[in-house]
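Colleague: The sequence shown begins at 1426 in the numbering used here and counts up by one.
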Amino acid sequence: MRLRTLGGLWIENEDGSAKGGVRPRRLALLAVLAAAGAKGLSRDQVLAILWPESESARGRAALSQTLYSLRTDLGADVVLATTAGLRLDPAHLTSDLHDFRTALKVRDWRQAAALYGGPFLDGFYLTDAPLFERWADEERSSLTSDGLRSIEHVARDATTARRLDEAAEQWRRLTRLDPLSGPFATAYMDVLGRLGDRSGALAHGRAHAELVRAELESEPDPAVTRLLARLRDVDSVLPAPASKVAETFAPAASVAKASPPASVDEKSPVNHGEPPLARAGISPRRGARLFAAVALSLATIAAALWRASSARPVAATTPVLAVGQVRDLVTPDSAQLGSVLSEMLATSLGRLTKLQVIANSRILELIPRGADTIRAARTDAARRAGATEVLEGELIPIADRGLRFELRRVSIDRGIVRGGYRIDGTDRMALFDSITVLIAADLGVEPPSGSLVAASTRSPIAYRLYEEGLRTLSQSDATVAHRFFSAAVKEDSTFAMATYYLWRSEVAIGSPQQSATSDRVLSLAPQAADRDRLLMVMHVLATRSDPAAIALADSLVTRYPNDPAVLVLATGAMADFGRSIALLNRAIAIDSAAGVVAGAATECRLCDALSTLSGWYISADSVIATERTVRRWMRLRPRDSHPWVMLADHFVSLGRRPEAEAALRRAQSLGASAGNDAQRRLTWNIRSDDVTGANEICRTELAVSEGELLTQFRWFCTIALRMQGRYREALELATRSPPDRVHSAILDLELGRPMAAATQFARIARDRGLAFARQQGWAARHVAWNLTLAGAAFAAADDTTRLRGLIDTVEATGRRSLFARDPLLHHFLRGLLLAKAQQHEAASREFRAALYAPSQGYTRINYELAKSLLVLKRPADAIPLLRAPLYGGIEGPGLYLTRTETHELLAHAFDAAGQADSAAAHYAIVERAWASADPALKPRYLAARGRLAALSAGNR
């Protein structure tokens, strides 16, 4: 492990990732010992720095506890304790500080410059430890001087050797570390000019000159002024800086902008350990006056900056922004609140409709567990999410309880600072609003309307709870995430995004509150940032089966084509197979490229996308594509259990039971839940047409199960009895208290009571319509579906008048449902009507128009279409339609049409096609299943048995 002290304070694992979970006081002890070097410090010296106000005994106890905790945290004795004192053990923990000082001793300037990542312990604070802060300041001052000296040596060597790209990089670092230095500014501008970047040199020179005038109340170094004039003569590209306006009023006290292309080290944060004005020797009060910039309301500022930016040339390519580390230096010892600032800034920037901004939830998704939200981890996550530039900075306390917000816009690939922004004020939300306006103006996009307050929350506690919820949800713990989101909403009931994720977590855990919360999401959505608003409304409407979600989904995927969260969720509102497949594959490609494949334990949208993609292929009856997608998932995430569960299910559908069992064992070895084994075996037996095995399980489990488990076994055992043609026993089981209304209606139809079945389905349609009256999409879905079932019952009763009367109602109602099946259902009823009139050619066209998912849809459509095709002497066309339902499950495809009925008609189709062996195989299944069927089925049973015997005799 390695202790990093230059540019922050953290511990780095061997693979370069940050080690989280080490508390600040323990890190401080390691920093103190690293600075002491090989000699170390006595215990009294350590106590004087870290526990100066504690009694001797208490201080020593605290030190002993800290050492013990470090051993526990790091799994090694990183501190050597001797009678002389304490020192770091380099065998277990090296430090950049030791290597930096070693490089200085041997005058290895290049190595020293590479090791100097920024100010010593930059941004690290301890509460109640003033002597530590004083010690850190002294160390920081000395090390800063050494660091600048090292970098300057490298910069001058590179300039002399005409390695201009390297020289520009080093001078850029120096201008960032000491922005008031005239020689550094001049050297950097000169190198930029020699590289041909005159506009960049001019921009830096102007920013430097303004900074010197404001902070030192003097003119810049004459060398800077002369170089500016020379560059201006050669190539005057940039417009003059905006003139300053009189002092502003609260809440946004002052606004200023500069664009110094200064240095940001790739490996560590570069921030201000103290306010810049204090370092320059100027009082903060005076500095605040110097930076007063605007006397207009925020709306006026926005309009003015937008008009100004529209009048000047803009970059050919607008960057894709992400928010990196934004540290809160107002609240010491609180990296956690700093992450809240990142969330707040990302939310505020999300209101810029013409700018691509990576959502903070996406950044959190891509940060590995244990890395925490340190700068390096956030920047790497931003890069993998597709950002080209990252915003990072700090909120700094200034005089009179004021605040200074400083941001840098950094190119991710080159580390060059593209722009810098500074806001002074007293109100955090106003600072975010103002800096968003500045960024919009700088990038030439229209500023947002309204305030961040409306789009988010003023409560930092609510923000923190919300972010913890996002982090926990990304680790697949919806129950804990729900607690965080619930607490955030209790803290601020108007926090739109927290309410949205509260609803999502409620859906995940099956909370009965989800419907009421979804209403609240829709009421709060208009105040959210544009992407969030569209996503929230589309997602809720899609789950309510509301067709209005389609237009929102189209808008989202058009405007955010590189956001995998958008792409995956949008497919839930689409019925277009080809487009959904393309969007899912794009989301998978984006997440794969971003490295989401790595963590097996984390919740991953890539998994959702692959699961959904597999579902689409299953619905389309594409056996090869289904297995190819599942195996693709295994390659991308070999430690995931779910693709093995899906493969097991796939093998069951193909009749490959031994392979299914092996795949399930593999899934369970990877952590898949075993679930209820008896229930799993029962459903697999039904899908394998093993009625003997199904009956054995039902006899046992119906006798011993209770409560919800008993209800579930009643459901599956009713299906098993119906599959055997034992309709009377199935009805007795279905009507036990509490009665199963759906099975009762189905069994009325199967028992030859179609009018009773039609009446039951019509009542269910009415009741479901009333139950979902406030959710019109769901109401339409249930009404259209159950009226279709009633229509099928009318057809079975030869009541074509009532059947014809339902068609227009089903068509109109089905169009109000988002579910792809429902707008097509009226074609099925029209097909039944035509088939009754013996118009089978026309009927087959209507039945085909009703099909939407051959293996997972309403398989009565397949059945009736196949019957018409057989009448038309087209058995080859009927065969694939009848095979498809057998690949599906038993609760959808196998609910309204039993597997045995499907096997029976498929046997007829194979028989008519002259495929005797296949016909015999399916007649044999019918013969076994209906061996104990009700008397009404005896003629069909005997016919299948007789035909099986004839085919078998023919083969002999």
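Glycine included, every Cβ here is placed at the ideal spot set by N, Cα and C. Just so you know, these numbers come straight off a predicted model, no measurement behind them.
1) Can Met-1614 and Ala-1632 be called in contact, C-beta distance under 8 Å?
2) Is Gly-1755 helix, strand or coil when you go by DSSP?
3) Taking only runs of the alpha helix (DSSP H) that begin and end inside the segment 1497-1564, which ones reach a length of at least 4 residues, in chain order?
4) Where Leu-1959 and Ile-2013 are concerned, what is the direct C-alpha to C-alpha distance, given to the nearest angstrom?
5) Which runs of the alpha helix (DSSP H) spanning at least 4 residues fall entirely within the segment 1843-1870, listed in chain order?
6) Determine the contact status of Ala-1802 and Val-1745, defining contact as a CB-CB distance below 8 Å.
7) I need the straight-line Cα distance from Met-2226 to Ile-2189, nearest angstrom please.
8) Using a threshold of 8 Å, state whether the C-beta atoms of Gly-1840 and Glu-1831 are closer than that.
9) For Asp-2165, which residues from the same chain have a beta carbon less than 8 Å from its beta carbon, with the 5 sequence-adjacent residues on both sides left out?
10) Using the beta-carbon count (16 or more within 10 Å), is Val-1503 buried or exposed?
11) Between Leu-2290 and the rest of its own chain, which residues show a CB-CB distance below 7 Å, the 5 nearest in sequence each way excluded?
12) In whole angstroms, what separates the C-alpha of Arg-1896 from that of Arg-2324?
13) Determine the DSSP secondary structure at Pro-1822, reduced to helix, strand or coil.
14) If we call anything under 8 Å between Cβ atoms a contact, is Ala-2155 one with Ala-2170?
15) For Phe-1525, which residues from the same chain have a beta carbon less than 7 Å from its beta carbon, with the 5 sequence-adjacent residues on both sides left out?
16) Find out if the Cβ-Cβ distance for the pair Ala-1880, Ala-1954 is shorter than 8 Å.
17) Quick check on Gly-2080: buried or exposed, where buried means 16 or more other Cβ atoms within 10 Å of its Cβ?
18) Beta strand (DSSP E) containing Glu-1437: first to last residue?
19) Please determine, among Ala-2344, Lys-2298 and Ala-1974, the residue with the shortest C-alpha to C-alpha distance to Arg-2308.
20) Take Ala-2007 as the anchor and find which of Tyr-2042, Lys-1915 and Leu-1977 has the nearest alpha-carbon.
21) So what does Phe-1830 bridge to, in DSSP terms?
22) Mind checking whether His-2265 and Leu-2297 have CB atoms under 8 Å apart?
23) Should the segment 1861-1879 be regarded as contacting the segment 1896-1910, the criterion being three or more beta carbon pairs within less than 8 Å?
24) Between the alpha carbons of Gln-1595 and Val-1946, how many angstroms are there, rounded?
25) Please identify the residue among Ala-2354, Leu-2231 and Met-1426 whose C-alpha is closest to the C-alpha of Ala-1394.
26) Suppose the cutoff is 7 Å on Cβ atoms and the five residues either side in sequence are ignored; what does the same chain contact list for Ala-2119 look like?
27) How many angstroms separate the CA atom of Gln-2200 from the CA atom of Ala-2368?
28) Please confirm whether Leu-2330 and Ala-2349 have their CB atoms less than 8 Å apart.
29) Using 8 Å as the Cβ pair cut-off and three pairs as the minimum, do the segment 1972-1981 and the segment 1928-1939 touch?
30) Within the continuous alpha helix (DSSP H) that includes Arg-2193, where are the two ends?
31) For Asn-1785, count neighbouring C-beta atoms within 10 Å of its own C-beta (all shown protein chains included) and say buried if the count is 16 or more, exposed if not.
32) Under the three-state reduction of DSSP, which class applies to Gly-2040: helix, strand or coil?
33) So, for Ala-1648: in the same chain, excluding its five sequence neighbours on each side, which residues have a beta-carbon less than 7 Å away from its beta-carbon?
34) Applying the 10 Å Cβ sphere with the 16-neighbour rule, what's the burial state of Asn-2211?
35) Smallest Cα separation from Ala-2275: which of Gly-2256, Ala-1592 and Glu-1644?
36) Thinking just about the alpha-carbon of each residue, which of Gly-1850, Val-1993 and Ala-1459 is nearest to the one in Leu-2009?
Modeller: Here's the rundown:
1) In this structure, Ala-1632 does not lie closer than 8 Å to Met-1614 by Cβ.
2) It is worth fixing the name first, because residue 1755 is Val in this sequence and not Gly. Three-state DSSP puts Val-1755 in coil, outside helix and strand.
3) 1521-1530 and 1534-1540
4) 22 Å
5) 1853-1868
6) Cβ distance not < 8 Å, so Ala-1802 and Val-1745 don't count as in contact.
7) For the sequence presented, residue 2226 should be read as Thr rather than Met. Spanning the two alpha carbons is a distance of roughly 21 Å.
8) No, Cβ-Cβ distance for Gly-1840 and Glu-1831 is not below 8 Å.
9) Same-chain partners within the cutoff: Arg-2139, Trp-2140, Thr-2143 and Ala-2159.
10) Counting Cβ neighbours within 10 Å, Val-1503 comes out buried, since at least 16 surround it.
11) Ser-2269, Phe-2272, Arg-2273 and Leu-2306
12) 45 Å
13) strand
14) no
15) Leu-1431, Ala-1537, Leu-1540 and Tyr-1541
16) yes
17) When all chains shown are included, Gly-2080 counts as exposed.
18) 1435-1437
19) Ala-2344
20) Tyr-2042
21) Leu-1820 and Ile-1848
22) Yes, Cβ-Cβ distance for His-2265 and Leu-2297 is below 8 Å.
23) The segment 1861-1879 vs the segment 1896-1910: no contact.
24) 50 Å
25) Given a span of 1426 to 2381 for the chain in the structure shown, any question on residue 1394 remains unanswerable.
26) Leu-2107, Asn-2110, Ile-2111 and Ala-2145
27) 49 Å
28) no
29) no
30) 2179-2196
31) It is buried - the Cβ of Asn-1785 has at least 16 other Cβ atoms within 10 Å.
32) Helix, per DSSP.
33) Gly-1607 and Thr-1611
34) By the 10 Å Cβ count, Asn-2211 comes out buried.
35) Gly-2256
36) Of Gly-1850, Val-1993 and Ala-1459, the residue nearest in Cα terms is Val-1993.
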